[in-house]
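**Student:**
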Amino acid sequence: MQPKDRGAGPRGGGAGGGRNASAEAEGGLEARAVALLRERDGPLAPLSELHRSLAAELGDEAGDAAGLHRRLAARPDLFLVLERAGPLLGCESWPAAERAAYEAALREAGWEGGALVVAAGAASPAGDSPATTLA
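Right, here's the structure in full:
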């Protein structure tokens with residue numbers, strides 16, 4: 001899927017917008033991330049899954065997963081990023097190829113490692129926000 005047209009000009013700056021292309025792209029990415037999280041069946045999403053969805057929609061504007069992690073974590077007003085431990089204690093000492101194969105097998109079985117993301121203010125089944133549920 002191609003990135004959406006954001007107005008006139010090569011980067012969608014348009015005339016009279018008052019925002020530069022970088023700021024517009026950042027705001028658009030964050031707004032789209034919030035929308036994707038709110039469209040899900042459950043409030044939590046693996047960061048890697050959110051990144052894949054954003055990359056499919058926005059292309060290069062989505063950046064890499066590590067950059068997305070930093071951006072979302074820097075916006076506690078919009079996102080709550082929950083860190084998860086690795087799939088198995090001590091696996092960080094395994095050779096990279098074996099660790100990647102193990103993580104791929106876990107993913108195939110339905111377990112996604114890494115950080116989880118929730119949109120701030122998303123309701124839990126009890127009606128509490130995730131921040132108050134976890135506090």
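Using the working numbering, the first residue of the sequence shown is number 1, and each one after it goes up by one. Cβ atoms here follow ideal geometry from the backbone N, Cα and C, with glycine treated the same way. Model, not experiment: these values are computed from the prediction.
(1) Using a 10 Å radius around the Cβ and a threshold of 16 neighbouring Cβ atoms, would you call alanine 74 buried or exposed?
(2) Please decide whether glutamate 103 counts as near chain B, where near means a Cβ-Cβ distance under 8 angstroms.
(3) Is the stretch 101-111 touching the stretch 68-82, taking contact as three or more C-beta pairs under 8 angstroms?
(4) Pull up the DSSP beta-bridge partners for proline 95, would you.
(5) Looking only at C-alpha atoms, which of Asp60, His51, Arg107, Asp77 sits nearest to alanine 120?
(6) Could you spell out where the alpha helix (DSSP H) holding leucine 88 opens and where it closes?
**Tutor:** Based on what the coordinates show:
(1) On the sequence shown, position 74 is the one that residue 74 refers to. Exposed, by the Cβ-count rule.
(2) The structure shown has no chain B; it contains just one protein chain.
(3) no
(4) For the purposes of this step, residue 95 is taken as the residue at position 95 of the sequence shown. None, per the DSSP bridge assignment.
(5) In the sequence shown, residue 120 corresponds to position 120, counting from 1. Cα-wise, what sits closest to alanine 120 is Asp77.
(6) Along the sequence shown, one-based indexing puts residue 88 at 88. No alpha helix (DSSP H) contains leucine 88, which DSSP labels as neither H nor E.
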